[in-house]
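Read through the structure below, which is laid out as structure tokens, and then see the notes.
There are 2 protein chains.
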Amino acid sequence: MQKPLHFELEKQTTEGPSQARVGKITLRGHLNQNHEITTPMFMPVGTQGTVKALTPEDLENLGAQIILGNTYHLYLRPGHERVERLGMLHQFMNWKGPILSDSGAFQVFSLAGLNQIDDDGVTFKSHIDGSSHRFTPEHSMEVQRALGTDIVMAFDQCPPYPTTDEDLRKAMDRTHAWAKRGLQVELKPHQARFGIVQGGMVEGYRKESAEILSSMDFDGYAIGGLSIGEPVELLHEMTQITAPLLPQTKPRYLMGVGRPEDLIEGVRSGIDIFDCVMPTRNARNGQLFTSTGKINIKNAQYAEDQRPLDESCQCETCRNYTRAYLHHLFRAGEALSARLNSIHNLSFYISLMNKMRSAIVENRFESWRKSFYTLYHHDKKK
Amino acid sequence: MQKPLHFELEKQTTEGPSQARVGKITLRGHLNQNHEITTPMFMPVGTQGTVKALTPEDLENLGAQIILGNTYHLYLRPGHERVERLGMLHQFMNWKGPILSDSGAFQVFSLAGLNQIDDDGVTFKSHIDGSSHRFTPEHSMEVQRALGTDIVMAFDQCPPYPTTDEDLRKAMDRTHAWAKRGLQVELKPHQARFGIVQGGMVEGYRKESAEILSSMDFDGYAIGGLSIGEPVELLHEMTQITAPLLPQTKPRYLMGVGRPEDLIEGVRSGIDIFDCVMPTRNARNGQLFTSTGKINIKNAQYAEDQRPLDESCQCETCRNYTRAYLHHLFRAGEALSARLNSIHNLSFYISLMNKMRSAIVENRFESWRKSFYTLYHHDKKK
């Protein structure tokens, strides 16, 4: 049977220190519709079966190629079995593109109350009603199987930062054992699987983890356990160290990262896939990304600013609304604020990825990167 | 100079007890763009320069012909002078159609704190920051002039229900004096003015008020002081009594009304224009209107209901999403819930008006009305 995911590495940069690459992922799709995704790319996060405040049509207009759904949230509400009965996550939320689901592990450790972990799995309390639940590597696969997502993530243990060497080692070994156990669970024919490398901020562990996981039959590999509170220098260093250790011929995914700068440094290290709540969460808080730096739209200076958020942006928000109007919507607590801000921030992220892709193809990634930083930090220098 | 509003009465029902009529309002528009509005029609309410959760494009797609803006809210935030500097309300919110502004009077009496009323005007405290403000009939005109709306409402006094005969009389006399004073204030050339009939639930007062206001030079007439807590029978009775007292050749507007049934009874009494927060407010509370009655989408019975909200509805929500998904969005507190629900409810209201218009044109309003009620109350009979 043909694999549910095919990755074509179209170009690998050989420009100075850059490992940046472009590629194409083809996913079979639950209707055999063959989704094609160009990389590097960014996945908007649709935690509860919706990218907050946006419709699938908005996402399509934004050029989103794939979105992320959170297994922990969907398992609790509306329930994975219900989602399956309602036609799997795609039909449930009416999103025609592909979906990646995380394993639920990260949320179980970070969001749920009173979790208790052992070698077999994790017992946790729902953040909604306090009810008790248990996830094992196998159960996480079953839940993701029911959701019917196109890319299924292995159930891993992400230790906090900082942590002891002993705990780091234990979490990593467990992650490997769990990865193996998850592989035994059959998925739907269209579902691809990614393994997750752990190992904290220790180069030797990252190497060991990458080697062990590479020997297992995954369709792609993620770097987990980063962007969890460590200094940005460590995030970049560990990405740079770990990415080249992953199979060249498979997609590489840096989980939960991050700021525009982190996407750029990630791509430079050879990462293909990113996801982060930052563009949508910050949008709801009034923090907006522009080519000349970040804007806090609630600031009084924007009250009569008739310019679009970003004069170089072609998104629905920038084409139709002024900073003054967005300032008013935010100050007045209007629902439209989150929607228009989210459209802009996601557009900024997706367009950033497209610009990187073009720059890599045209052998000018390094110079593009420098120009981006110069413009993006422009205002701070004034 | 040509009037800013032209009303063409296209048809007046002669069918049984019905006074239903269809017409066409032409508004000059602030860009001389000549907005044509077919009546009877419903205006979505955009209190703070936005119909909550929706874009102007959504409203256009819904077939909204004109929207309402609240003078009280816009005066307080972002301020009418600021709105004027930003290109008046149309450009500020990027709505290309016409806008009607209320006078602020109703909100001053109902929302603002500690209002103090005298023959000259009203002093009130902002519900946002408690600051003190004063509206007079003249000032309300100035604020609406700055907003640049297409239809400007007279500043009136709406007494509560129930109230004493003395207070009713006083409020009505004041409303007439204020109407006259407002007329002295020059507006922008594209701005039409409506007078507001008061008089509570007293037929004689309504008659007197209609006569006095009809003798003043307004472009249209509104019935105020209804839908403020009185029994629905009184609302319908007073509408039926008052509407025919208004000039036949000018548009008639029943303010702040109401339920689908109230729109139907209003049209039957000869009303042309309606506005109400009900479709959008109820949408946010999960109460949805369908041709077979109201639905509360949070109810467990919809958790796996794969039908659209209303199988006879063609709105974006009904074309794309199931009741099960809308149930989930509401339960999960997702922003998309308010958006999709508002689209449906407004679509229901606007389509209801279109259906009435066709029925009147085709001389079948009475039979249409009976069929509507039979279907709408269908579920209750089971």
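Going down the list, the sequences are from chains L and F.
What the first sequence shows, in the numbering used here, is residues 748 to 1129, in sequence order.
What the second sequence shows, in the numbering used here, is residues 748 to 1129, in sequence order.
No residue lacks a Cβ here, since even glycine has one placed at the ideal position from N, Cα and C.
For residue 840 (chain F), the chain L residues whose Cβ falls inside 7 Å of its Cβ are 1072, in order along the chain. Per DSSP, the continuous beta strand (DSSP E) segment holding residue 1042 (chain F) begins and ends at 1040–1043.
Between residue 1011 (chain L) and residue 1092 (chain L), the alpha-carbon positions lie close to 16 Å from each other. Within a 10 Å sphere around the beta-carbon of residue 764 (chain L) sit fewer than 16 other beta-carbons, which makes this residue exposed. Here residue 783 (chain L) carries a strand assignment [DSSP, helix/strand/coil].
Against chain L, the CB of residue 904 (chain F) has no partner CB under 8 Å away; the residue lies outside that interface. Between residue 1041 (chain F) and residue 1078 (chain F), the C-beta spacing is not below 8 Å.
DSSP places residue 1024 (chain L) in no alpha helix (DSSP H); its state is neither H nor E. Taking a contact to require three or more Cβ pairs closer than 8 Å, the stretch 789–797 of chain L and the stretch 771–781 of chain L do not qualify as touching. Boundaries of the beta strand (DSSP E) around residue 882 (chain F): 879–882. By the criterion of a C-beta distance shorter than 7 Å, residue 1034 (chain L) is surrounded in its chain by 1041 and 1043, once the five residues flanking it on both sides are discounted. With contacts defined by Cβ atoms closer than 8 Å, residue 1026 (chain F) and residue 1075 (chain L) do not form a contacting pair. With a threshold of 8 Å between beta carbons, residue 1056 (chain L) makes no contact with chain F. For residue 923 (chain F), the three-state secondary structure derived from DSSP is helix. No Cβ of chain L is located within less than 8 Å of the beta carbon of residue 859 (chain F). For chain F, the residues of the stretch 811–834 of chain L that bring a beta carbon within less than 7 Å of one of its beta carbons are 824, 825, 829, 832 and 833, in chain order.
Residue pairing of residue 768 (chain F) in beta bridges, as defined by DSSP: F:759. In the DSSP annotation of this structure, the continuous segment of the alpha helix (DSSP H) that includes residue 1010 (chain L) starts and ends at 1007–1015.
With a cut-off of 8 Å on Cβ pairs, the stretch 1084–1101 of chain L is not in contact with the stretch 977–987 of chain L, counting fewer than three such pairs. A direct Cα-to-Cα measurement between residue 829 (chain F) and residue 839 (chain F) gives close to 9 Å. Short of 6 Å from the beta carbon of residue 929 (chain F), and not among the five residues preceding or following it, lie these beta carbons of its own chain, in chain order: 884, 888, 901 and 902. The alpha carbon of residue 922 (chain F) has as its nearest neighbour, out of F:895, F:1031, F:893 and F:852, the alpha carbon of F:852. Counting C-beta pairs with one atom in each stretch, the stretch 1103–1118 of chain L and the stretch 907–916 of chain F have fewer than three that are closer than 8 Å, which means they do not touch.
Of the candidates F:880, F:1050 and F:896, the residue whose Cα lies closest to the Cα of residue 778 (chain F) is F:896.
Counting along the chain, the unbroken beta strand (DSSP E) around residue 862 (chain F) starts and ends at 860–864. For a Cβ distance threshold of 7 Å, residue set 841 of chain F lies close to residue 1068 (chain L), ordered along the chain.
Distance from residue 813 (chain L) to residue 845 (chain L) at the Cβ level is roughly 5 Å; contact confirmed, criterion being Cβ atoms closer than 8 Å. Interface annotation, residue 1082 (chain F): in contact with chain L, CB-CB separation under 8 Å. Judged by DSSP secondary structure, residue 829 (chain L) falls within the alpha helix (DSSP H) whose first and last residues are 827–832.
Cβ atoms of residue 964 (chain L) and residue 982 (chain L) stay farther apart than 8 Å, at about 29 Å. Nearest C-alpha to residue 969 (chain F) among F:1047, F:1028, F:849 and F:927: F:849. In this structure, residue 1085 (chain F) sits near residue 1030 (chain F), with a CB-CB distance shorter than 8 Å. Under the 8 Å criterion on CB atoms, residue 801 (chain L) is classed as interfacial with respect to chain F. By the C-beta density criterion, residue 1117 (chain F) is exposed, having fewer than 16 other C-beta atoms within 10 angstroms. If you keep only unbroken alpha helix (DSSP H) runs of at least 4 residues inside the stretch 906–987 of chain L, you get 912–930 and 950–961.
At a Cβ-Cβ threshold of 8 Å, residue 1082 (chain L) and residue 1082 (chain F) count as neighbours.
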